[in-house]
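*Asks:*
In full-length UniProt numbering, the protein residues as written are 1 to 134.
(1) Going straight from the alpha carbon of residue 89 to that of residue 101, what length do you get?
(2) Regarding residue 107 and the ligand SAH, is the C-beta to nearest heavy atom distance less than 8 Å?
(3) From residue 26 to residue 32, what distance separates their C-alpha atoms?
(4) Please give the ranges of any alpha helix (DSSP H) in the UniProt region "Disordered" (1 to 134), keeping only runs that are unbroken, at least 4 residues long and fully inside the region.
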């Protein structure tokens, strides 16, 4: 009987150890699965953060390129407008100088015509005076 009891006791002890080992294995597997899930979640979160950072960097680069292009276009437009204004101012200055030169030439021609007419009148008067004397 004591052998039987010993065998039961041993068997019970072995079953208890087996159950304990199974529980430990289950807990270990659970912990490993949890750790793996956490690692995957962290990796996914990091990948999402990286993708978001990359998207933000690309958006900032696009916005900067757009701003640079707009600034360049504005500078080109301002340069074109300035060149146009300069050309217009130059044309106006040239037209004013031409008009002044023409007015001066006309005044000079009128002065020469007046002097010529005066000289002719004087010559005619002199000729008439000489005629009446002679």
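Glycine included, each C-beta is placed from N, C-alpha and C at the ideal position. All values reported here derive from a predicted model rather than from experimental measurement.
*Replies:* Taking the coordinates as given:
(1) 18 Å
(2) Of ligands this structure carries none, so the ligand SAH is not represented either.
(3) 10 Å
(4) 2 to 133
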